[in-house]
C-alpha cells in the first residue's frame, strides 16, 4: 500500500510539473496582435492587425473531427512538412471559422513575408492574408466542443444585440492552448463587426 501511495505521489508531482512547464512554454509563443477598444461585462471589442496565415479548408463536420484534421495538416507544415523542411514557430491562437465549410488557420510569425515561406508538401495548405478587422470577443475556459462553442456564440449574439452593436455572420473559434494542457485553458468565440 505504501508503495502505491509513493508511486501515485510521484505521478502527481510529474503531472503538475508537466502542466507548469506547458503553461510556461505558452508565454513565449507569438500571438495574433490586437488592441482592446472597449470592455463590457462579458465581452470586449477588439481591433486585430492585418496578419498572414497558413490555412486549410475542411469539410463540414463536428469541431473535434475538423480540428483534428486541420491541426494535423497545418502542424505538419510548420513542423517541416514543406519543400525546404523548414520548421516555423507555432503561434497562438488557432483560428477556425464557424461556417458550413470550416477553415482552420495558424498565424505565420511576423518575421515572414508570404513570398519567403516554403511551399507546403500538402496541397490543401494555403496562405491567406487576413486584413485588419474589428471583432467582438467572448472568452471561456475548459475544453471546447460543439455545444460549448454554440452556447458562447449565442451568448455573444445576445450581448451584442442588447448593446445594439451590429455584427456580421463571420464567427470564429479561437483556441489558445496545446492539446496536452489541462489547466488554465482559454478559448474564445469572436465575430467580425459591421462597419
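Numbering (our numbering), first residue to last: 262 to 456.
Glycine is no exception: its CB is placed at the ideal position from the N, C-alpha and C atoms.
If residue 401 and residue 409 are in contact, beta carbons under 8 Å, what's the gap, nearest whole angstrom? With a beta-carbon spacing of about 7 Å, residue 401 and residue 409 fall inside the 8 Å limit used to define contacts.
Is it the case that the Cβ atoms of residue 334 and residue 383 are separated by a distance below 8 Å? Pairing residue 334 with residue 383 gives a Cβ-Cβ distance under 8 Å.
Given a cut-off of 8 Å, decide if residue 308 and residue 395 are closer than it, judged by their beta-carbon atoms. Yes. Within cutoff.
Limits of the unbroken alpha helix (DSSP H) element including residue 314: Counting along the chain, residue 314 falls outside any alpha helix (DSSP H), though it belongs to the beta strand (DSSP E) covering 312-319.
What residues match up with residue 454 in a beta bridge as DSSP calls it? According to DSSP, which records beta bridges pairwise, residue 454 is partnered with 428.
Entirely enclosed beta strand (DSSP E) segments - the stretch 289-357, minimum 3 residues: With a minimum length of 3 residues, the continuous beta strand (DSSP E) runs that stay inside the stretch 289-357 are 295-300, 305-309, 312-319.
Taking just the CA atoms, how far does residue 368 sit from residue 291? So the alpha carbons of these two residues sit roughly 9 Å apart.
Close Cβ partners of residue 321 (< 7 Å) along its chain, the five nearest in sequence each way excluded: The residues are 361, 362, 363.
Is DSSP giving residue 387 helix, strand or coil here? Note: residue 387 maps to strand in three-state DSSP.
Hey, could you find the ends of the alpha helix (DSSP H) residue 415 is sitting in? Segment 407-423, the alpha helix (DSSP H) holding residue 415.
Rounded to the nearest angstrom, what separates residue 422 and residue 345 at their Cα positions? Looking at the two C-alpha atoms, the distance is approximately 49 Å.
In terms of residues, what are the limits of the beta strand (DSSP E) holding residue 399? From DSSP, the beta strand (DSSP E) with residue 399 extends over 394-401.
Helix, strand or coil for residue 360 per DSSP? It is coil, neither helix nor strand.
Assigned exposure category for residue 328 - 16 Cβ within 10 Å defines buried: Under this definition residue 328 is a buried residue.
Using DSSP bridges, identify the partner residues of residue 442. Residue pairing by DSSP leaves residue 442 without any beta bridge partner.
Cα-Cα separation between residue 317 and residue 355, rounded to whole angstroms: When the Cα atoms are used, residue 317 and residue 355 turn out to be separated by approximately 12 Å.
Alpha-carbon spacing of residue 392 relative to residue 310, whole angstroms: In this structure, the alpha-carbon of residue 392 lies about 7 Å from that of residue 310.
For residue 436, does the three-state DSSP call read helix, strand or coil? Of the three classes helix, strand and coil, the one that applies to residue 436 here is strand, per DSSP.
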